[in-house]
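**Q** There's a structure below that I have some questions on.
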Amino acid sequence: MGSRPGEWAALTRGDMWPGVATPTLMTRTGGSCFLLGGLLVAVTTTVSPTSFGTPTVQFANAAIAVIVGTATLLWGARLRLWQLHVLVATATVQTTVSVYESADPTVAVSFATLYVFIACAAFFVSWRATAAHLTLAVACCCTAVVLSPAAPWWSSVVASATTVTMGVLIAILGRIVYNAELDDDTGLLNRRGFDRLLGVVISRAQSGGPRPAVVLLTLDDYGIIHDDLGGPRGDEVLHHVVAAWRGVLEPEQILARRAADEFGVLLQNSYERQAVSLTHRLREAITSECSAGVTAWQSGETASAVLARADTALRRSRRSGRNRTMLESALLPSIATELREAIDAGTVNVRYQPIISLADGSVVAVEALLRWQPVSRPDLSPTEVVRLAEENDLIGALDHYVLRRACRDACWMHERSGGAAISLSVNVSGLDLVQKGYAAQVFDTLGETGWSAERLVLEVTETVVDGDRPSSIAALSELRAGGVRIAIDDFGTGYSSLGRLQGLPSDFLKLDASFVAAVTEAGDPPPLLTAVAALAHALHLPVVAEGVETPRQRSALVRLGIDMAQGFYFGRPQAPGDLVEVFFPAASAAATDSAAHPRR
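See below:
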């Protein structure tokens with residue numbers, strides 16, 4: 001089917017594929033009509049052989065119909081639409097032969113009623129194709145009756161009228177059912193139509209056809225736009241999105257609207273990575289923020305199983321901060337398998353970057369940063385590692401590993417630095433934060449490692465704790481109640497209002513590095529940095545600036561009243577032993593067991 005775009009277009013256009021039609025139904029209907037018609041002709045010929053000029057012709061005709069019907073029922077799963085046209089035309093010709101060969105008028109009229117089977121084709125083909133088949137059936141019926149010496153010419157009227165009436169009624173009913181599968185606002189398939197079409201494609205894939213993939217997308221802010229700005233503005237956004245996505249998709253890639261703010265894309269021949277790439281292009285084509293979940297069909301799966309996995313990916317995307325793409329794969333990629341094995345073996349490294357007080361230059365905290373260089377992808381960045389873990393359901397294990405490792409290393413650094421009052425900052429994935437029992441798991445880790453809750457800072461991004469995630473807020477509130485402090489990471493890059501930020505369970509703000517990078521070697525601090533710093537001060541929370549690389553940037557932050565900073569200017573991420581030697585040299589020299597330094 002992937003090599004026949006014309007056929008795929010015919011399959012998916014409403015006028016060519018009515019809503020009741022599926023390959024299974026088409027196979028069963030066609031096969032049953034042939035089988036029943038053949039048996040009726042065979043039985044009639046056996047009971048009354050003298051009613052036919054040449055009984056052998058009738059038996060042969062019946063045998064062909066029975067064979068075709070049986071074969072269609074047994075092996076017709078891959079039946080194509082053009083093959084259905086051939087079957088319908090064949091049935092018309094066979095019925096005509098049976099009518100013409102009848103020597104008895106009663107038998108001839110009886111056989112003419114078999115033309116009604118032709119009307120069943122209206123379930124599966126367009127209006128024009130239905131009209132063509134009905135016209136052929138009427139013409140053959142009239143010709144056979146007129147040429148037959150047994151039946152009067154007017155006897156063809158009843159059979160023809162009945163056939164046409166049934167065909168028209170079936171076509172109308174098929175159109176009504178199909179219209180129930182269309183979205184009124186966009187003209188796209190709705191949830192029902194999308195799910196049915198996915199079943200059609202999976203049915204063909206199970207018979208050796210192309211393997212489909214499914215993408216589910218949701219407009220993150222559509223509800224807010226619709227409620228705050230009104231329905232017309234929401235409809236305008238909706239039509240803009242549909243138009244943009246239609247410009248990206250190929251004709252054989254089917255777009256549907258499954259809910260008010262949720263869309264589905266059916267890729268009838270695609271691998272997971274190809275689907276992910278296409279999803280990135282879809283999200284880039286619109287200005288609205290959009291979350292997406294991607295998966296692909298695997299052999300033996302039902303449509304409901306594929307949709308459930310795609311929906312899981314979509315929910316993970318929304319929970320992890322929205323406006324991103326998540327892949328829920330049925331098969332774990334080799335690189336993900338390598339990551340899982342590295343987590344189990346403890347070979348994922350954790351490095352620590354100092355956080356400096358701009359008032360006196362002392363180290364007040366360290367941030368734990370994972371480092372992993374797999375054999376197959378040594379250039380994999382930390383951000384890509386996190387994304388890999390999120391996309392393959394490994395983020396919980398990775399987060400827990402980093403937290404446990406960091407707490408143990410922090411205990412060691414605290415001891416080797418002579419009891420320095422430093423805190424430990426650890427990043428948290430939004431996917432892990434919303435898991436039931438996350439806070440309890442953190443407290444268990446603290447108890448296991450001996451690190452104090454009051455000296456642990458968990459960093460979460462602004463989007464992870466927005467208003468749509470009460471579970472995130474609840475988890476952070478529980479952690480704060482137990483003494484853990486919370487930092488809002490990448491501050492200034494989100495979209496929350498000042499009032500919204502004031503209500504977040506937070507103790508620190510981490511200023512995104514992009515604002516610091518805008519500081520040049522001359523002149524005042526950039527206006528945007530000044531504005532974001534003012535907003536941070538308005539929240540009355542300590543601020544940590546990220547990405548400081550030059551003395552000029554440090555000076556600008558001091559002028560703006562920023563409390564703390566981190567970046568290559570102060571120190572790169574490094575092993576615990578190296579960090580203690582650089583920033584606490586006296587205490588490090590006093591340590592007697594230098595071999596215990598974990599220079600991992």
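Just so we're aligned: the sequence shown equals residues 1 to 600 in the UniProt record's numbering.
Built from N, CA and C at the ideal position, the CB exists for glycine as well.
Do you know how far the Cα of Thr325 is from the Cα of Ser317?
**A** 6 Å
**Q** Excluding sequence positions up to five away, which residues of its chain have a Cβ less than 6 Å from the Cβ of Pro551?
**A** none
**Q** Are the beta-carbon atoms of Thr485 and Asp512 separated by less than 8 Å?
**A** Checking the sequence shown, residue 485 turns out to be Arg, not Thr. Against a cut-off of 8 Å, the Cβ pair of Asp512 and Arg485 comes out as no contact.
**Q** Given a cut-off of 8 Å on the beta-carbon distance, is the pair Met564 and Val364 in contact?
**A** yes
**Q** Pull up the distance between the alpha-carbon of Leu560 and that of Gly547, whole angstroms please.
**A** 16 Å
**Q** Between Leu136 and Ala213, how many whole angstroms is the CB-CB distance? I'm expecting something under 8 Å.
**A** Wrong, their Cβ atoms sit about 40 Å apart, outside the cutoff.
**Q** With three or more C-beta pairs closer than 8 Å as the rule, is the region 51-66 touching the region 117-136?
**A** no
**Q** Please state whether DSSP places Leu76 in a helix, a strand or coil.
**A** It is worth fixing the name first, because residue 76 is Gly in this sequence and not Leu. Taken through DSSP and simplified to helix, strand or coil, Gly76 comes out as helix.
**Q** Please confirm whether Ser425 and Glu462 have their CB atoms less than 8 Å apart.
**A** no
**Q** Under 8 Å, do Pro354 and Gln566 count as touching if we go by C-beta distance?
**A** Judged by beta-carbon spacing, Gln566 lies within the 8 Å limit of Pro354, meaning their Cβ atoms are closer than that value.
**Q** Counting beta carbon pairs with one atom in the region 69-81 and one in the region 163-182, are three or more of them shorter than 8 Å?
**A** no
**Q** Could you give the distance in angstroms between the alpha-carbon of Glu549 and the alpha-carbon of Thr530?
**A** 18 Å
**Q** What's the gap between the Cα of Thr130 and the Cα of Ala91?
**A** 14 Å
**Q** For Ala410, which residues of its own chain have a beta-carbon under 6 Å away from its beta-carbon, when the five flanking residues on both sides are left out?
**A** Leu424 and Trp451
**Q** For the alpha helix (DSSP H) that Gly396 lies in, which residues bound it at each end?
**A** Ile395 to Arg416
**Q** On the three-state DSSP scale, how would you describe Met1?
**A** For Met1, the pLDDT reaches just 34, beneath the cut-off of 50, and the residue's location in the model is therefore unreliable, although a value from the coordinates is still provided. Coil, per DSSP.
**Q** Where His280 and Pro210 are concerned, what is the direct C-alpha to C-alpha distance, given to the nearest angstrom?
**A** 22 Å
**Q** Mapping DSSP to helix, strand and coil, what is Thr45?
**A** helix
**Q** Reducing DSSP to helix, strand and coil, say where Val519 ends up.
**A** coil
**Q** Taking 6 Å as the limit between beta carbons, can you name the residues of its chain near Leu73, skipping five residues before and five after?
**A** Gly31
**Q** Please go through the same chain and pick out, in chain order, the residues whose beta-carbon is closer than 7 Å to the beta-carbon of Arg233, but skip the five residues on each side of it.
**A** Ile225
**Q** What's the call for Glu454, buried or exposed, on a 16-neighbour Cβ count within 10 Å?
**A** exposed
**Q** Alpha carbon to alpha carbon, how far is Arg387 from Trp17? Give it in angstroms, no decimals.
**A** Its pLDDT being 46, under 50, Trp17 is placed unreliably in this model, and the coordinates cannot settle the point.
**Q** So is His133 buried or exposed if we call it buried at 16+ other beta carbons inside 10 Å?
**A** buried
**Q** Can you give me the C-alpha to C-alpha distance between Asp15 and Val125, rounded to a whole angstrom?
**A** Confidence is the limiting factor: at Asp15 the pLDDT is only 38, short of 50, which leaves the residue's position unreliable and the question unanswerable from this model.
**Q** Taking only the alpha-carbon atoms, compute the straight-line gap between Ile335 and Ala171 and give it to the nearest angstrom.
**A** 52 Å
**Q** What runs of the alpha helix (DSSP H), each 4 residues or longer, lie entirely inside the region 229-272?
**A** 231-248
**Q** In whole angstroms, what separates the C-alpha of Val158 from that of Cys33?
**A** 20 Å
**Q** Kindly indicate which residue of Ala150, Met26 and Asp489 has the alpha-carbon position closest to the one of His85.
**A** Met26
**Q** Are the region 282-296 and the region 237-253 in contact at 8 Å, needing three or more beta carbon pairs?
**A** Contact between the region 282-296 and the region 237-253 is present: three or more C-beta pairs spanning the two stretches fall below 8 Å.
**Q** Looking only at its chain, what residues have a beta carbon closer than 6 Å to the beta carbon of Ala487, apart from the 5 residues adjacent to it on each side?
**A** Val457, Glu459, Phe508 and Lys510
**Q** When we look at the beta-carbon of Val580 and count the other beta-carbons within 10 Å, is it buried (16 or more) or exposed?
**A** buried
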